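Visitor: The following block contains the structure, expressed as structure tokens.
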Amino acid sequence: GNQILVDNIQLTRFEPSSDTGSLNTSWGADDAAALRMAAFDSALTTGDAVITTEGTALTSNNEALTYNVVNSTTIQGVAGTRIIFEVTLDSSAPNGSYTFKLFDNVDHVGTGEDTALNLTLDITLTDADGDTVGNSVSITIDDDTPVVGTPADISVNADILVTPDTLDDSTDGSLGIDWGADDGNSD
Numbered sequence: 069g070n071q072i073l074v075d076n077i078q079l080t081r082f083e084p085s086s087d088t089g090s091l092n093t094s095w096g097a098d099d100a101a102a103l104r105m106a107a108f109d110s111a112l113t114t115g116d117a118v119i120t121t122e123g124t125a126l127t128s129n130n131e132a133l134t135y136n137v138v139n140s141t142t143i144q145g146v147a148g149t150r151i152i153f154e155v156t157l158d159s160s161a162p163n164g165s166y167t168f169k170l171f172d173n174v175d176h177v178g179t180g181e182d183t184a185l186n187l188t189l190d191i192t193l194t195d196a197d198g199d200t201v202g203n204s205v206s207i208t209i210d211d212d213t214p215v216v217g218t219p220a221d222i223s224v225n226a227d228i229l230v231t232p233d234t235l236d237d238s239t240d241g242s243l244g245i246d247w248g249a250d251d252g253n254s255d
């Protein structure tokens, strides 16, 4: 699986999650792919706090997220030196597209901690002859909570517990817990 054992401690690697969506752009008569551009709003700068559409500051492991503007088409949400997510714009796709990659966890706070976190990022689209229009990219980061099912019934025969040569007898079963998206263990 996706496990590394160090001194009998299991570390689980977080597999990045990625999704791509359309910018739904009609470039009109000025549709020369090599000359058109999609860019994040220039008001977004490195160090700005990552705030949800609802006005909540995002955190990862209780550390505040800020933006790192890589260039006009790529931004990252970072917590200290950790890259938590990255959003990339692509104007070469027929209607323009964006890709969101989640590299590390985002804290979901609240009852059950299963709230969806919404981000709205302003962008500017420019066609081949320089006409511009503002738009936005909406991203939802969804989380879920563990679901406890019914544990499997297991019987232990008391007779085997008093016989010294069978003290190592054991049994195993499932507790019936589904950890959902937060279960990085693939086994």
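Its first residue numbered 69, the sequence shown is counted upward by one per residue in our numbering.
We put the CB at the ideal spot given by N, CA and C, even for glycine.
Note that the structure is predicted; figures quoted are calculated from it, not measured.
On a CA-only basis, which of 196, 201, 209, 193 is nearest residue 176? Give me that one, please.
Guide: If we check each option's Cα against that of residue 176, 209 comes out closest.
Visitor: Residue 160 and residue 107 - do their beta-carbons sit closer together than 8 angstroms?
Guide: Contact: no.
Visitor: Cβ of residue 192 within 8 angstroms of Cβ of residue 204?
Guide: Contact flag unset, no.
Visitor: Can the beta-carbon of residue 150 be found closer than 8 angstroms to that of residue 128?
Guide: For residue 150 and residue 128, yes; Cβs fall inside 8 angstroms.
Visitor: Looking at residue 171: is its Cβ nearer than 8 angstroms to the Cβ of residue 152?
Guide: Yes, Cβ-Cβ distance for residue 171 and residue 152 is below 8 angstroms.
Visitor: Can you tell me the Cβ-Cβ gap for residue 113 and residue 137, rounded? I've got them flagged as a contact below 8 angstroms.
Guide: Right, the Cβ-Cβ distance comes to about 6 angstroms (below 8 angstroms), so this counts as a contact.
Visitor: From what residue to what residue does the beta strand (DSSP E) around residue 152 run?
Guide: Note, residue 152: beta strand (DSSP E), 150-158.
Visitor: CA-CA distance, residue 198 and residue 125?
Guide: Spanning the two alpha carbons is a distance of roughly 35 angstroms.
Visitor: For residue 122, count neighbouring C-beta atoms within 10 Å of its own C-beta (all shown protein chains included) and say buried if the count is 16 or more, exposed if not.
Guide: Classification for residue 122: exposed.
Visitor: Can you give me the C-alpha to C-alpha distance between residue 190 and residue 148, rounded to a whole angstrom?
Guide: When rounded, the distance between both Cα atoms is 24 angstroms.
Visitor: Please look up how many angstroms separate the CB atoms of residue 117 and residue 132, rounded, as I've assumed it's under 8 angstroms.
Guide: Confirmed, Cβ separation roughly 6 angstroms.
Visitor: Going by beta carbon distance, what residues of the same chain come within less than 7 angstroms of residue 105, once the five residues before and after it are set aside?
Guide: Correct list, in chain order: 159, 194.
Visitor: Quick one: residues in its chain with C-beta nearer than 6 angstroms to the C-beta of residue 200, no 5 flanking neighbours on either side, listed in chain order?
Guide: Within the same chain, residue 200 has close Cβ partners 192, 194.
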